[in-house]
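Participant: What follows is a single structure, and I will ask about it in a moment.
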Amino acid sequence: MILYFSGSGNSLAIARQLAEKLGERVLSLYDAVNADLQGETCIGLVYPTYWLDAPVAVKQLVAQLVLPKNAYTFIVITCGAQTNNAVWSVRKILEQKDIQLDYCHKIRMPDSSAIAFGRNPNNQAWKFDKFASRVDLIAKELLDKRHRLHFSWFDPFGWILNTKKVSQKVYRLTLPAINSEKCIGCGVCTKVCPQANISLIDNKAVMDNRCTLCLACLHFCAQQAVEVGGKTTIPERQYHHPSVNLKDMVRRG
Ligand SMILES: Cc1cc2nc3c(=O)[nH]c(=O)nc-3n(C[C@H](O)[C@H](O)[C@H](O)COP(=O)(O)O)c2cc1C
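This note's numbering puts the first residue of the sequence shown at 1064, with every later residue one more than the last.
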């Protein structure tokens, strides 16, 4: 079973590709928390790197999972460039549950946060070709049940950045906000937000405080009514993985 978390669909796309090659099924981490996984012989976790670490929601969800002790357990991280502590911190959570991580690797994808820094994630589509063979390599190593942690070191800078005090300032740089003048109350953002952090009040989207920074709301809003850092969102810079559509991203439950 491959458990995933995804904001712009990159990690979902990789989870699906691996599932097909391994003959496994995919399940959202949110659904996995309530699922019976005890009969699984292989557990994969596929999620992105946010701010040099795993997304806060991923760490919270993995902490809640009830995982089988003897399953072959792997992590595949997607990232724009580097994974920093994204494996290390989840591995630590697994170890607290007495679960040994058998394998981890990373795949570079278009950086879904680039829009927050005035750059265009769609200009990074070259990464699909460059790293396509990595998916094949990972699938082969997983089928062989290889024991290899390609990336799992501790990065002190990543740790400092994600401490409560520092992260409060840093996370704001990629915190989405609703531009209520542009919002038409279509509700798409309320459905794609994995955290169920957005609701409609008087036909306008309103955010609560459980945002995990995935930017699904920003990338899927057809009105460009979700902005980050006060910058106007332009359609050309909205991004989602080409194999993933809005329906795939709609939260279940
Ligand atoms: C808030 C935020 C922070 C990010 N931080 C990093 C980072 O520290 N390092 C990195 O290489 N990529 C970073 N990225 C890029 C994502 O890891 C990358 O685009 C990933 O494939 C997104 O996967 P998803 O669509 O499944 O969420 C960040 C993206 C977001 C939205």
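Beta carbons are placed, not taken as given, at the ideal position from N, Cα and C, and that holds for glycine.
#1: Hey, which unbroken runs of the alpha helix (DSSP H) at 4 residues or more fall wholly within the region 1274-1315?
#2: When burial is assigned at 16 or more other CB atoms within 10 Å of the CB, is Val1125 buried or exposed?
#3: If you check the beta carbons only, do Cys1142 and Lys1169 fall under 9 Å apart?
#4: Leaving out five residues before and five after Leu1157 in sequence, what residues of the same chain have Cβ atoms less than 8 Å from its Cβ?
#5: If you measure from the CB of Tyr1093, is any heavy atom of ligand 1 nearer than 8 Å?
#6: Rounding to the nearest angstrom, what Cα-Cα distance links Gln1127 and Thr1295 in this structure?
#7: Could you have a look at Arg1005 and say whether DSSP puts it in helix, strand or coil?
#8: Is Phe1068 near ligand 1, going by C-beta to nearest heavy atom under 8 Å?
#9: Quick one: what's got a C-beta closer than 7 Å to Cys1280's C-beta in the same chain, skipping five residues either side?
#10: What number of angstroms, rounded off, separates the C-alpha of Tyr1234 from the C-alpha of Trp1114?
#11: Taking the alpha-carbon of Cys1274 as reference, which of Gly1293, Ala1120, Ile1201 and Val1096 has the nearest alpha-carbon?
#12: What do you reckon, are the CB atoms on Gln1134 and Ile1140 nearer than 9 Å?
#13: Going by DSSP in three states, Pro1026 sits in which element: helix, strand or coil?
#14: Name the DSSP beta bridge partners of Val1109, please?
#15: Tell me the DSSP secondary structure of Cys1252 in three-state form.
#16: Classify Asp1116 as helix, strand or coil using the three-state DSSP reduction.
#17: Is it true that the region 1215-1225 meets the region 1172-1183, where meeting means three or more beta-carbon pairs spaced less than 8 Å apart?
#18: Taking DSSP's pairing of strands, which residues face Pro1239 in a bridge?
Facilitator: In short:
#1: 1279-1283 and 1309-1312
#2: buried
#3: yes
#4: Val1125, Leu1130, Thr1136, Gln1163 and Leu1164
#5: no
#6: 37 Å
#7: There is no way to answer for residue 1005, as the model of the chain reaches only from 1064 to 1316.
#8: yes
#9: Pro1239, Cys1252, Val1255, Cys1256, Ile1261 and Val1289
#10: 8 Å
#11: Ala1120
#12: Correcting the residue type first, residue 1134 is Ala in the shown sequence and not Gln. Cβ atoms of Ala1134 and Ile1140: not closer than 9 Å.
#13: The requested residue 1026 does not occur in the structure, where the chain is confined to residues 1064 to 1316.
#14: Tyr1067 and Val1139
#15: helix
#16: strand
#17: no
#18: Val1291
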